[in-house]
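Trainee: Just dropping this structure here.
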Amino acid sequence: MRMYDIIYKKRQGHELSKEEIDFAIGGFVSGDVPDYQMSALAMAICFNGMSSRETFYLTDAMMRSGDVVDLSRFDGLCVDKHSTGGVGDKTTLIIAPIVACLGARVAKMSGRGLGFTGGTVDKLESLGSYRSSLSSEEFLSQVEKIGIAVTGQSGNLVPADKKLYALRDVTATVDSIPLIASSIMSKKLASGAHAIVLDVKCGSGAFMKNEADATLLAEAMIDIGKQFGRRVCALITDMSVPLGHFVGNSLEVYEAIQVLSGKGEARLTELCVALASNMISMVLGLSIDEATERVLDAISSGKALDKMREWICAQGGDVSLIDSPTALLGAKFKHEFRASKSGYISKIDAEGVGIASMLLGAGRAKKDDEIDHFAGIELRANLGDSVCENDVIAILYASSEELFDGAVSKLDEVIEISPAVPQKSELIKKIVF
Ligand code: URA
11 MRMYDIIYKK RQGHELSKEE IDFAIGGFVS GDVPDYQMSA LAMAICFNGM SSRETFYLTD
71 AMMRSGDVVD LSRFDGLCVD KHSTGGVGDK TTLIIAPIVA CLGARVAKMS GRGLGFTGGT
131 VDKLESLGSY RSSLSSEEFL SQVEKIGIAV TGQSGNLVPA DKKLYALRDV TATVDSIPLI
191 ASSIMSKKLA SGAHAIVLDV KCGSGAFMKN EADATLLAEA MIDIGKQFGR RVCALITDMS
251 VPLGHFVGNS LEVYEAIQVL SGKGEARLTE LCVALASNMI SMVLGLSIDE ATERVLDAIS
311 SGKALDKMRE WICAQGGDVS LIDSPTALLG AKFKHEFRAS KSGYISKIDA EGVGIASMLL
371 GAGRAKKDDE IDHFAGIELR ANLGDSVCEN DVIAILYASS EELFDGAVSK LDEVIEISPA
431 VPQKSELIKK IVF
């Protein structure tokens with residue numbers, strides 16, 4: 011078999027076989043297939059797409075390129091959730107203890123973020139000495155004991171994706187539905203969950219800018235999951251404005267604690283309740299109404315917050331921060347961002363707010379950059395709010411006052427105030443099964 015022929019076949023729009031896809035991925039991981047041939051294949055996939063069968067073979071080849079976690083001892087109760095990314099998305103921190111306190115198991119491997127803010131692991135590391143690199147024995151025994159563990163991704167989880175994603179990133183081949191779907195699903199499947207709820211974002215702060223493309227991506231991922239015998243569903247949700255009021259690592263942990271204390275921002279709470287309800291409905295076999303009732307009770311009774319304490323304590327984090335969360339808003343410098351005129355907030359562009367928070371130190375531009383856990387943005391106004399000139403609409407948090415100028419100019423560009431009340435987009439656009 012020759013890589014040249016495989017590239018040519020895909021370039022001509024034909025369907026690749028399992029053997030051809032295994033050859034390309036196996037050779038790429040071992041180094042026998044050079045980057046330039048893999049980039050050519052990725053580009054041919056971008057132009058010509060892949061059938062459902064090809065996408066399944068690609069996912070399977072990538073999943074088998076490294077470790078595959080065996081969660082069979084948990085009797086089908088392990089449920090995972092994946093969000094395609096967005097600004098202010100701290101839903102994992104909220105949902106994981108909710109579903110774990112209701113009897114599902116959360117054995118989650120999360121990444122660090124490259125981009126606007128950190129990933130879930132970066133956020134958790136705001137909690138003092140939270141241990142984010144558990145050995146696989148520690149990880150599984152914690153799931154067994156308390157129903158929840160969240161650790162960083164093991165070095166050998168889907169190495170094919172690590173290598174391919176880095177190549178796609180610099181060859182303009184990220185935004186292809188089969189490549190995104192196989193990349194995400196290979197990692198979810200290798201992590202071993204029995205059921206998966208996908209939160210596929212659309213809007214300015216997301217990969218998929220509109221609902222139609224987000225639906226196609228969701229359908230492709232569900233199709234892969236089903237071919238692997240997993241239960242999968244997807245919520246298509248809005249990411250044109252940031253999720254919740256806080257963007258930045260420790261700030262997002264603060265907001266997660268607020269939601270679990272029953273004091274969360276409405277849209278963020280609505281999304282977490284919907285995701286958690288779908289998760290437990292799938293693994294506990296409940297109707298969605300019964301599942302929603304249990305989720306709401308887990309929050310109002312304090313059981314979910316207790317589970318968060320138990321989880322953070324088991325992983326060595328500072329539990330006192332859960333009881334006194336304002337310490338998580340402890341950046342050295344704060345700056346008030348004020349309305350330049352009176353009117354209605356007509357735009358809070360998610361991507362722009364993400365960039366502003368990165369300029370304050372909350373995200374990474376390069377893989378090895380340090381993040382500042384306390385940096386970020388607190389939005390004091392929502393889309394559609396009426397404001398008067400000079401009202402405070404956001405608070406910026408940073409470790410140095412010099413960082414404020416860049417972030418303020420960005421926010422000036424991306425927060426708009428108009429004389430007319432704007433239209434708001436629905437948070438949950440649809441659920442795809
Ligand atoms: N997230 C991933 O993990 N992979 C992609 O290809 C895109 C987003």
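Taken in order, the sequence shown gives residues 11 to 443; the numbers are from this note's numbering. Note that the Cβ used here is the ideal one computed from N, Cα and C, for glycine as well.
Entirely within the segment 326–380 and at least 4 residues each: give me those alpha helix (DSSP H) ranges in chain order.
Mentor: 330–333 and 360–369, all fully within the segment 326–380.
Trainee: In this structure, how does DSSP classify Thr-161 when only helix, strand and coil are distinguished?
Mentor: It is a strand residue.
Trainee: Report all residues from its chain with a CB closer than 6 Å to the CB of Ile-31; omit the five preceding and five following residues, and keep chain order.
Mentor: Contacts found: Tyr-67, Leu-68 and Ala-71.
Trainee: What's the gap between the Cα of Asp-99 and the Cα of Leu-174?
Mentor: Their backbone Cα atoms lie some 25 Å apart in a straight line.
Trainee: Assess contact between the segment 143–161 and the segment 45–64, defined as three or more Cβ pairs (one per stretch) separated by less than 8 Å. Is contact present?
Mentor: Taking 8 Å as the limit for Cβ pairs, the verdict is that the segment 45–64 does not touch the segment 143–161.
Trainee: Taking Val-251 and Ala-360 to be in contact with their CB atoms under 8 Å, please state how far apart those CB atoms are, rounded to whole angstroms.
Mentor: Indeed they touch by this definition, with Cβ atoms about 6 Å apart.
Trainee: I think Ser-297 touches Lys-342, with their Cβ atoms under 8 Å apart; what is that distance to the nearest whole Å?
Mentor: So it is not a contact: roughly 50 Å between Cβ atoms.
Trainee: From Gly-327, Val-89 and Ser-196, pick the residue whose C-alpha is nearest to that of Ile-290; which is it?
Mentor: Among Gly-327, Val-89 and Ser-196, the Cα nearest to that of Ile-290 belongs to Val-89.
Trainee: Do Glu-64 and Glu-25 have their beta-carbon atoms positioned less than 7 Å apart in this structure?
Mentor: Contact flag set, yes.
Trainee: At a cut-off of 6 Å, would you count Ser-196 as near the ligand URA, judging by its Cβ distance to the nearest heavy atom?
Mentor: Checking the Cβ of Ser-196 against the ligand URA gives no.
Trainee: Label Val-180 either buried or exposed according to how many other C-beta atoms from any shown protein chain fall within 10 Å of its C-beta, with 16 as the threshold for buried.
Mentor: Answer is exposed; the Cβ neighbour count stays below 16.
Trainee: Who does Val-97 pair with in a DSSP beta bridge?
Mentor: Answer by DSSP bridge pairing: none, since Val-97 is not bridged.
Trainee: Please work out which residues of its chain come closer than 7 Å, Cβ to Cβ, to Ser-356, disregarding the five sequence neighbours upstream and downstream, and give them in chain order.
Mentor: Excluding positions up to five away in sequence, the list reads Glu-426, Ile-427, Ser-428 and Pro-432.
Trainee: Please indicate yes or no: does the CB of Ile-190 lie closer than 6 Å to some heavy atom of the ligand URA?
Mentor: It does: the Cβ of Ile-190 is within 6 Å (strictly closer) of some heavy atom of the ligand URA.
Trainee: Heavy atom of the ligand URA less than 6 Å from the Cβ of Ser-193, yes or no?
Mentor: Yes, the Cβ of Ser-193 comes within 6 Å of a heavy atom of the ligand URA.
Trainee: Taking the straight line between their C-alpha atoms, what separation do you get for Leu-281 and Pro-107?
Mentor: Looking at the two C-alpha atoms, the distance is approximately 15 Å.
Trainee: For the pair the segment 367–374 and the segment 410–418, tell me if three or more CB-CB distances fall below 8 Å.
Mentor: Short answer: they touch.
Trainee: Find the nearest neighbour of Asp-307 within the set Leu-270, Met-11, Ile-322 and Ala-230, judged by alpha-carbon distance.
Mentor: Ranking the options by Cα distance to Asp-307, first place goes to Leu-270.
Trainee: Spatial neighbours of Gly-86 within its chain, please: CB distance less than 6 Å, with the 5 preceding and 5 following residues excluded, ordered by chain position.
Mentor: Excluding positions up to five away in sequence, the list reads His-204.
Trainee: Tell me whether the segment 206–221 and the segment 243–263 touch, counting them as touching only if at least three CB pairs, one residue from each stretch, are closer than 8 Å.
Mentor: Yes: the two stretches touch, three or more of their Cβ pairs being nearer than 8 Å.
Trainee: Under 7 Å, do Ile-206 and Val-160 count as touching if we go by C-beta distance?
Mentor: Against a cut-off of 7 Å, the Cβ pair of Val-160 and Ile-206 comes out as no contact.
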